[in-house]
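Chemist: Quick one: this structure, given as structure tokens, is what I'll be asking you about.
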Amino acid sequence: MSSIIAEMFAAFATNIRMSHIIVLLVGTSFITYRIFKRFEPDDPTPVGFLLVVVPSLLVPVLRLCVPSLPLAVGITFTSYYALILSYVAAYRLSPFHPLAKYPGPIANKLSKLTMAYVTSTGKQHIHYMQLHKHYGDIVRIGPNELSVNCVDAVQPVLGAGGLSKGPFWYNRVPKGKPRGLIATHDPIEHKRRRRTWDRAFSTAAIKNYNEIVVKRARELVEQFEKRAGHEIDLSMWMSYFSYDFMGDMVFGIGFNMMQTGHDAAGVWETLENAMKVSTIIAHIPWLFTYLRLIPDVLRRKRTRQLAEGYMNQRVAEGSNIKDLMYYLTDEEGLEPVKPSMPVVYSDGSLTIIAGADTTATTLTALWYYLLLDPTNVDHLRREVDDYFPPGEEPVDFTRMVTMPFLNACINEALRLVPPVISGSQRSAKSEFGARIIGPYFIPEGNQILNHTLSLHRNPRYFSPYPDTFWPDRWLPERDREELPSNETFILDHAAYIPFSYGPANCVGKNMALLELRAVTCYIVQKFRFTAKKGSGLDSWEDGIKDFFVVKRPPLAVVVEPRW
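All you need for our numbering is the position in the sequence shown, starting with 1, plus 1.
Shown next as structure tokens:
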């Protein structure tokens with residue numbers, strides 16, 4: 002019997018030809034490609050079977066035609082993978098791809114690896130702007146992703162009945178684990194979870210946070226007074242203020258960065274590093290599944306430890322105010338089911354970095370632009386002195402809402418450097434079908450990005466001076482400086498989305514604006530800032546890096562008291 006089998010195998014080996022093996026390789030690799038395209042598996046078991054087991058089964062066949070086993074292994078695996086990649090490339094560049102009609106760089110059409118690299122440099126916001134300037138209002142920035150610079154796309158993408166969160170947030174949390182609000186894709190679940198947040202940032206709740214704003218603003222003034230006549234990094238101090246405030250507001254426990262003059266607990270550094278790594282990898286979301294297998298490569302362990310530590314301290318010690326945790330843990334008992342602690346940990350840590358970065362970035366950007374043009378500082382100072390004369394502490398937040406030039410300056414800083422500078426990705430999911438977004442048809446299963454910075458600097462919506470800090474654009478016509486005769490005034494409020502738009506917009510928008518007004522009034526009333534020659538002031542904006550949140554370069558100024 003064994004001799005018969007041996008003879009059959011010998012006959013098979015004699016008759017097998019390389020052409021047969023090529024057909025087998027092409028066929029198997031094409032089937033694998035189709036499986037990946039249809040089902041997009043990311044679980045290690047099916048992926049391992051398709052990419053390791055299947056080509057391994059082909060090795061003995063190829064071994065019949067090559068002199069050694071290592072050579073057979075090398076040829077089989079190399080050919081198998083090369084063929085799969087060639088199918089992917091051919092389809093993505095073909096006229097049959099759903100996004101084939103939209104322009105964009107070939108590298109972006111082929112793979113999101115291009116954007117992962119660009120993001121690692123911190124310059125994706127500039128890259129997107131350059132693409133829009135070259136290709137127009139809609140650009141293909143990935144195999145299945147578009148970036149849009151058109152106001153008509155804001156409502157259909159971000160508004161009520163718009164698109165859900167895209168793959169940018171996929172796989173960050175293992176399957177079966179609870180997600181934070183910002184990573185929740187299901188619109189119904191997001192709406193349910195959002196109720197708690199809406200209570201936490203209601204008008205009544207914000208009044209509870211007012212005393213924290215005043216306390217921390219006073220502390221900032223004290224620290225500046227101690228450093229009068231000296232040079233400070235204003236960007237760093239704005240972060241110290243913001244993180245101290247957010248620590249109080251979220252956990253009822255301050256981080257005391259202003260008091261110590263540095264980030265002693267490593268909160269700022271830890272959260273920013275984790276966000277940077279996640280933002281780079283988010284362009285290739287399936288990688289999260291495998292990188293989680295490498296101990297702390299995603300910088301999650303330290304982030305989780307920080308959140309759990311402060312949360313446990315908050316639970317143990319309680320709080321004398323209704324802080325954010327009061328609402329997130331549903332201490333009022335208004336929800337049918339209390340949120341799990343892992344969800345609260347996730348929401349708490351992300352709230353700190355999102356809230357702190359928003360305020361610190363806008364305050365720093367505001368002072369950068371004010372320092373470039375002292376006439377704006379003088380105008381703002383006169384207004385602050387009118388509303389809060391010397392000796393009167395700026396604690397009337399209602400009065401601040403009515404200060405036209407203060408709010409114009411804040412709006413303009415938010416326009417030029419929006420807190421989430423590249424916006425938030427959305428997805429036309431297969432279960433909801435294709436969408437008409439403004440003038441564009443978006444096939445199902447593809448993603449779209451309203452690029453905030455491009456929109457905010459589009460001369461069709463903000464004119465004149467779309468790239469210049471010009472607060473007058475937000476003032477009534479009677480108070481606005483006279484325009485050059487060849488300029489047309491355009492201010493399209495629908496294109497202004499610094500806090501995003503629609504049901505998933507920034508829930509803390511009103512709190513952030515309150516902080517911005519208060520801190521600006523305190524600083525303007527008490528101090529003068531000057532930048533030394535050679536401090537790099539003119540190039541500050543060029544040093545901004547985009548890792549979903551904004552990483553800012555230093556802003557060196559000399560602090561001088563006004564009185």
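Even glycine gets a Cβ: it sits at the ideal position worked out from N, Cα and C. Note that the structure is a prediction, hence the values are computed from the model and not measured.
#1: How about Ala161 and Pro504: are their beta carbons less than 8 Å apart?
#2: Figure out for me which residue from Ser423, Tyr327, Gln224, Thr352 has the closest Cα to the Cα of Met130.
#3: Report the rounded CA-to-CA distance for Arg458 versus Tyr244, giving the unit in angstroms.
#4: Please classify Asn487 as buried or exposed, where buried requires at least 16 other C-beta atoms within 10 Å of its C-beta.
#5: Can you have a look at Ala557 and say buried or exposed, based on whether 16 or more other CB atoms are within 10 angstroms of its CB?
#6: How is the beta strand (DSSP E) around Gly143 delimited, first residue to last?
#7: Which same chain residues end up closer than 6 Å to Val396 when comparing Cβ atoms and leaving out the 5 residues on each side of it in sequence?
#8: Measuring straight from C-alpha to C-alpha, what distance separates Glu336 and Leu182?
#9: Which one of Ala108, Thr77, Gly75 has the shortest CA to CA distance from Val89?
#10: Bridge partners for Asp234 per DSSP, in chain order?
#11: For Tyr291, count the other beta carbons within 10 Å of its own beta carbon; 16 or more makes it buried, fewer makes it exposed. Which is it?
#12: With DSSP as the reference, please indicate the residues paired to Glu146 in a beta bridge.
#13: Just to confirm the assignment: which complete alpha helix (DSSP H) runs, minimum length 4, are found wholly within the stretch 387-456?
#14: In its own chain, which residues sit with a C-beta less than 7 Å from the C-beta of Glu190, not counting the 5 before and 5 after it?
#15: Expressed to the nearest angstrom, what Euclidean distance is found between the alpha-carbon atoms of Pro375 and Arg529?
#16: DSSP three-state label for Ile322, please.
#17: Can you find at least 3 beta carbon pairs, one from the stretch 354-367 and one from the stretch 408-422, that sit closer than 8 Å?
#18: When DSSP labels each residue in this structure, what does Ile1 get in the three-state scheme?
#19: Which stretch, first to last residue, makes up the beta strand (DSSP E) that contains Asp547?
#20: Is the Cβ-Cβ distance between Tyr311 and Ile254 less than 8 Å?
#21: Looking at the unbroken alpha helix (DSSP H) that takes in Phe289, where does it start and where does it end?
#22: In chain order, what residues of the same chain lie with their CB nearer than 6 Å to the CB of Gly230, ignoring the 5 residues before and after it?
#23: Tell me, please, which residues DSSP counts as bridged to Ser501.
#24: Can you tell me where the beta strand (DSSP E) with Thr531 in it begins and where it stops?
#25: Under 8 Å between the Cβ atoms of Glu273 and Ile354?
#26: Quick one, are the C-beta atoms of Trp170 and Ala184 less than 8 Å apart?
#27: Does the pairing of the stretch 532-551 with the stretch 435-443 give three or more beta-carbon distances under 8 Å?
#28: Inspect the beta-carbon positions of Gly105 and Leu84 and report whether they are closer than 8 Å.
#29: Ile491 bridges to which residues according to DSSP?
#30: If we call anything under 8 Å between Cβ atoms a contact, is Thr362 one with Arg553?
Modeler: Taking the structure as given:
#1: yes
#2: Ser423
#3: 29 Å
#4: exposed
#5: buried
#6: 139-143
#7: Val215
#8: 16 Å
#9: Ala108
#10: Ala557
#11: exposed
#12: Gly143, Gln448
#13: 398-402, 405-417
#14: none
#15: 11 Å
#16: coil
#17: yes
#18: The structure shown does not extend to residue 1, since the chain is modelled only from 2 through 564, so no value can be given for it.
#19: 546-548
#20: yes
#21: 288-292
#22: none
#23: Pro499
#24: 528-531
#25: yes
#26: yes
#27: no
#28: no
#29: Ser464
#30: yes
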